[in-house]
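Mapping of the sequence shown onto this note's numbering: position 126 corresponds to residue 155, and the numbering continues sequentially without gaps. Built from N, CA and C at the ideal position, the CB exists for glycine as well. Only one structure is covered here, and it is reproduced in the block below.
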Amino acid sequence: MKANEVLRRYAAGERDFRRVNLRGQSFRGKDLSGADFSEADFSEADFSEADIRGTSFNKANLTGTKFCKAKAGLQKRWAIVLLLVSWITSGLSGIISLFGGALVKLTFSPRDEIEAVYGWIVLIVVIVLFAFI
Numbered sequence: 030m031k032a033n034e035v036l037r038r039y040a041a042g043e044r045d046f047r048r049v050n051l052r053g054q055s056f057r058g059k060d061l062s063g064a065d066f067s068e069a070d071f072s073e074a075d076f077s078e079a080d081i082r083g084t085s086f087n088k089a090n091l092t093g094t095k096f097c098k099a100k101a102g103l104q105k106r107w108a109i110v111l112l113l114v115s116w117i118t119s120g121l122s123g124i125i126s127l128f129g130g131a132l133v134k135l136t137f138s139p140r141d142e143i144e145a146v147y148g149w150i151v152l153i154v155v156i157v158l159f160a161f162i
């Protein structure tokens, strides 16, 4: 298969190019993000300055293939999702720390006996919950 055929199919919406022979073909500066080139032969191919974010090259032959200045890694939407998940996780960690601090305060320096009993009950419940998680 030639590079022009791959680019034409890619423009038409096809992303599955597994096991194709693209030995020596040039994809310089082209957008192939999200394509699947698993088990393809790219010996001596040129991906210089190409956008290959999210592209799969699992078990592909990349002997002598050029990737100079190629854009690789996660696609932008996945990077944004990972950033949002990390912010949410950080926020939840802060909230859990707040409850942990309140629990320690209630357990070890209560104002009255009711707070002490409440603190110890909550502490036991937390220990039991974490024992099963």
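Pairwise C-beta distances place the region 48–58 in contact with the region 66–74, as three or more of them are shorter than 8 Å.
Inter-segment contact for the region 110–121 and the region 79–97 is absent: fewer than three beta-carbon pairs are separated by less than 8 Å.
Beta-carbon to beta-carbon, A64 and F46 are separated by about 6 Å, close enough to satisfy the 8 Å threshold. By the neighbour-count definition (other C-beta atoms within 10 Å, threshold 16), I162 is an exposed residue.
Excluding its 5 nearest sequence neighbours in each direction, I81 has C-beta neighbours in its own chain below 6 Å: L61, A99, A101, listed in chain order. The C-alpha of A89 is placed about 15 Å away from the C-alpha of R44. Assignment of S62 by DSSP, reduced to helix, strand and coil, places it in the coil class.
Looking at the DSSP output, S55 bridges to D75. If the five residues before and after E144 are omitted, its C-beta is found closer than 7 Å to the C-beta atoms of L135, all from its own chain and listed in chain order.
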